[in-house]
Amino acid sequence: MIIREVTCPVCGCACDDIEVRVEGNRIIEVRNACTMGTKKFLSVNSENRLRVPFMRDGNEFIEVKWERAIKESAKILYESNYPLLYGWSETSCEAIKVGVDIAELLGGFIDNQSSHCHSPTIIAEQRSGFPLCTLGMAINYADFIIYWGSNPEESHPRHLSHFTAYTRGIYTEGGRRDRKIAVIDVRKTKTAKLANFFFQIKPNSDIELISALRVLLRGHELNEKEIAGLKVSDIKKLLNLMKGCNYGIVFIGLGLVSSLGKVNNVEALFDLIKEINNYTRFSIIPMRGHYNVAGFTQVLTWRSGYPFAVDYSRGYPYYNPGETSVIDLLCRKEIDAMLCIAADPVSHFPRKAVERIAEIPLITIDITKTPTTYLSDIVIPGVICGIESTGTYYRMDNVPLTAKKIIDPPFKFVSSDEEIMQKIYYKIKRLMKDEGTERGTEGIEKITQT
Amino acid sequence: MFVMKVILNTGSTIKQGAVIKGGKKMTDKYKEEAAVCHVNPNDFRNLLLRSDKELKRVKVKTRCGEVVVNVKVDDRIAEGHIFIPRGPWANRVIDAYTFDSGSPFYKGMDAEIMPTDEDVMDCRELIMEYKEYKNKNKKK
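Chains as they are written, first to last, in our numbering: chain A, 1 to 450; chain B, 1001 to 1140.
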């Protein structure tokens, strides 16, 4: 059986034209997906897929029953003072909703991958406003595209062919001929090789280039010969390209966001783009990494008013990046238990943060064996949203998509990540009721009523 | 010993992405793709002149730690820069300070590289180190 128009559960592009051939409960063939997508679809058959819960016993892992894993997880979270619920970027919005409920119920922290990736972008959005558009505009209108500090050929492999350079839209019928691509980066990436223009800048000098562009845009001259490693004539060329196009889009990546200056880089770029809108239409789309990292921002903002790094320990939501964000919390050793869902912090956090993870009780919900599962006290197999369960996820341009269920999960106990989270939620409620420590919260019950 | 001052960038590569999305983090493939330091050809030549034997591995050192990784010559990297794909190896040397934004110093950090004979650690060995740390400092 061939299932068409499957939404891909890998990167922020969330391509919705994947075709999957299924036989029995196995995925046999994947069409249209990139290397990463294909590998993820086929990983459901692999021996690395987790199928039963495990618990740590000394240095060994022992197989346990689902009920026990859920009960022990709830107990760890309930008994801690400041638990952290981290992850969420590769699961459904429905599961995230229950996660926020648990954080509120426990008075803990909730955070996700955007906290250590695109957090400067989100903070800059709050400071300066967000000139966003959808990827539909990129397909149909954009004739000038800048990849600033992003390298989609490696991180979002179908971005150029599906949304920008090689697609044909209403006003871009000529496809690649109708569009100009520029790449601004510190190294000549694979994307730079495909681009019409490549501007190689010095590391950590993005803000200098943005400031120079703003000076030139306002009609002043620059006295320097070279700024940010670029000749002034090159900067003028870039500005003329930006002013001269009909519709431009900047796709910003971690090269801009994570370099020195962080929030200030992004905020300066937002302001530049707003000024360029006096001449022509120009927008920005951040290259979000995971398929539902934007969904977490949406759900948490809807529930708490803040986009990431929310602290419920005061009884009301509190947000202060640098204080309540996950890396800082771990480095200051403030949290004393962690639930990690659909994430691998042991691989992707700096060493100092991982050392704290190793010290505290850790519950992991994941689909395969990762370095994080090896450090965990309880490992619960997750359900792959978009392959084994339905769910909502938000693409990088904040457009919600509904994922399809293609095959059944390899276990009967739960059918989605949402269900796992609900079971933990009710177990914690039960513990609170038994010990008479219930707090007033608007939990799932209230939300399902509305 | 000869030490070269460089700027360290980390980030995704398609092969590393395919390994982690395919659930193969605990296999040798991950080490092959992520425990690699991409170096400009000229910098590689300079390093080679200063090392006694053939140059296969380098030690990358920052103010936060050090890690041994394989060397790969890559003409896309500018002189004086190095690139390590994101993963547990790169993150051993990344500064956790977030400049009040939540995002650590993944790009543009000062680093030093030097030729070395030491072996590249396996993913399992890296975890074992944290595991020992866990056993030693586990919260009671």
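For glycine and all other residues, C-beta sits at the position ideal for the given N, C-alpha and C. On a predicted model such as this, the values are computed, not experimentally measured, just so you know.
Rounded straight-line distance, which links the Cα of residue j to that of residue i
i: GLY443(A); j: GLY315(A); result: With a pLDDT of 49 at GLY443(A), under the threshold of 50, the predicted position of this residue should be treated as unreliable, though the coordinate-derived value follows. In a straight line, the C-alpha of GLY443(A) is about 13 Å away from that of GLY315(A).
i: GLY99(A); j: GLU90(A); result: 13 Å
i: SER258(A); j: GLY436(A); result: 46 Å
i: ILE227(A); j: TRP148(A); result: 16 Å
i: TYR539(A); j: ASP111(A); result: Residue 539(A) is absent from the structure shown; chain A starts at 1 and stops at 450.
i: ALA138(A); j: SER150(A); result: 16 Å
i: GLU1079(B); j: GLY391(A); result: 46 Å
i: ILE2(A); j: GLU29(A); result: 9 Å
i: LEU50(A); j: PRO381(A); result: 5 Å
i: PHE130(A); j: ASN25(A); result: 44 Å
i: PRO371(A); j: GLY169(A); result: 43 Å
i: ILE123(A); j: ALA403(A); result: 29 Å
i: ALA14(A); j: ASP434(A); result: 43 Å
i: ASN1040(B); j: LYS202(A); result: 15 Å
i: GLY134(A); j: MET396(A); result: At residue 134(A) the sequence reads Thr, which differs from the Gly that was named. Cα-Cα distance, rounded: 9 Å.
i: ASP1095(B); j: CYS1064(B); result: 6 Å
i: LEU329(A); j: LYS1134(B); result: 18 Å
i: VAL1071(B); j: GLU1132(B); result: 29 Å
i: GLU438(A); j: ASN398(A); result: 36 Å
i: ASP1075(B); j: ASP1043(B); result: 10 Å
i: TYR291(A); j: GLY386(A); result: 10 Å
i: ALA268(A); j: VAL250(A); result: 13 Å
i: VAL326(A); j: GLY175(A); result: 42 Å
i: LYS190(A); j: PHE109(A); result: 39 Å
i: PHE1105(B); j: ASN196(A); result: 30 Å
i: LYS1140(B); j: SER80(A); result: For LYS1140(B), the predicted structure reports a pLDDT of 49, less than 50, and the residue's modelled location is therefore unreliable. A value from the coordinates is still provided. LYS1140(B) and SER80(A): Cα-Cα distance of roughly 12 Å.
i: GLY453(A); j: CYS11(A); result: Since the displayed chain A opens at 1 and closes at 450, residue 453(A) lies outside it and no answer follows.
i: THR1062(B); j: ALA342(A); result: 30 Å
i: SER304(A); j: GLU418(A); result: 19 Å
i: LEU300(A); j: TYR393(A); result: 13 Å
i: GLU208(A); j: ASP57(A); result: 54 Å
i: PHE413(A); j: CYS8(A); result: 25 Å
i: VAL310(A); j: THR324(A); result: 7 Å
i: PHE270(A); j: ALA294(A); result: 19 Å
i: SER128(A); j: HIS1038(B); result: 37 Å
Whole-Å CB distance - residue i paired with residue j, under 8 Å assumed
i: GLU363(A); j: CYS340(A); result: In the sequence as displayed, the identity of residue 363(A) is Ile instead of Glu. Contact holds; Cβ gap of about 7 Å.
i: LYS180(A); j: ASP234(A); result: Not confirmed; about 15 Å, so no contact.
i: LEU216(A); j: LEU222(A); result: 7 Å
i: PHE1002(B); j: MET1128(B); result: The pair is not a contact, with the Cβ atoms about 31 Å apart (cut-off 8 Å).
i: PRO321(A); j: ASP1100(B); result: 6 Å
i: THR38(A); j: PRO157(A); result: Not quite, the Cβ-Cβ distance comes to about 10 Å (not below 8 Å), so this is no contact.
i: ALA1090(B); j: THR1010(B); result: 4 Å
i: VAL1069(B); j: VAL1120(B); result: 6 Å
i: ILE428(A); j: TYR78(A); result: 5 Å
i: ARG1163(B); j: VAL1067(B); result: The shown model of chain B, from 1001 to 1140, leaves out residue 1163(B), and the question about it has no answer.
i: PHE308(A); j: SER119(A); result: 6 Å
query = How do the segment 241-251 of chain A and the segment 280-288 of chain A stand: do at least 3 beta-carbon pairs fall below 8 Å, yes or no?
reply = yes
Start-end ranges of the alpha helix (DSSP H) lying completely within the segment 1054-1106 of chain B, minimum 4 residues = none
ask   = Going along the chain, which residues of the segment 1080-1104 of chain B sit with their C-beta nearer than 7 Å to a C-beta in chain A?
value = HIS1081, PHE1083, ARG1086, GLY1087, PRO1088, ASN1091, ARG1092, ILE1094, ASP1095, ALA1096, THR1098, PHE1099, ASP1100, SER1101, GLY1102, SER1103, PRO1104
query = Given 8 Å as the limit, is there contact between the segment 39-49 of chain A and the segment 1018-1031 of chain B, that is, 3 or more CB pairs closer than that?
reply = yes
query = Given a limit of 7 Å on CB to CB distance, which residues of the segment 1107-1122 of chain B reach chain A?
reply = LYS1107, GLY1108
ask   = the segment 1026-1041 of chain B: which residues have C-beta closer than 7 Å to a C-beta of chain A, in chain order?
value = MET1026
request  = Report the residue ranges of all alpha helix (DSSP H) runs contained in full by the segment 359-433 of chain A; include only those spanning at least 4 residues, in chain order.
outcome  = 371-375
key: Every unbroken alpha helix (DSSP H) within the segment 245-309 of chain A, with a cutoff of 4 residues, ordered by chain   = 254-257, 263-276, 293-304
ask   = Between the segment 411-428 of chain A and the segment 73-83 of chain A, do at least 3 Cβ pairs fall closer than 8 Å?
value = yes
ask   = Can you list the alpha helix (DSSP H) stretches of 4 or more residues lying completely in the segment 140-223 of chain A, in chain order?
value = 152-155, 159-162, 190-194, 206-217
ask   = Does the segment 1028-1035 of chain B come close enough to the segment 373-389 of chain A to have 3 or more Cβ pairs within less than 8 Å?
value = no
inquiry  = Under 8 Å, CB to CB, which of the residues in the segment 150-181 of chain A have a partner in chain B?
reply    = ASN151, GLU153, GLU154, SER155, PRO157
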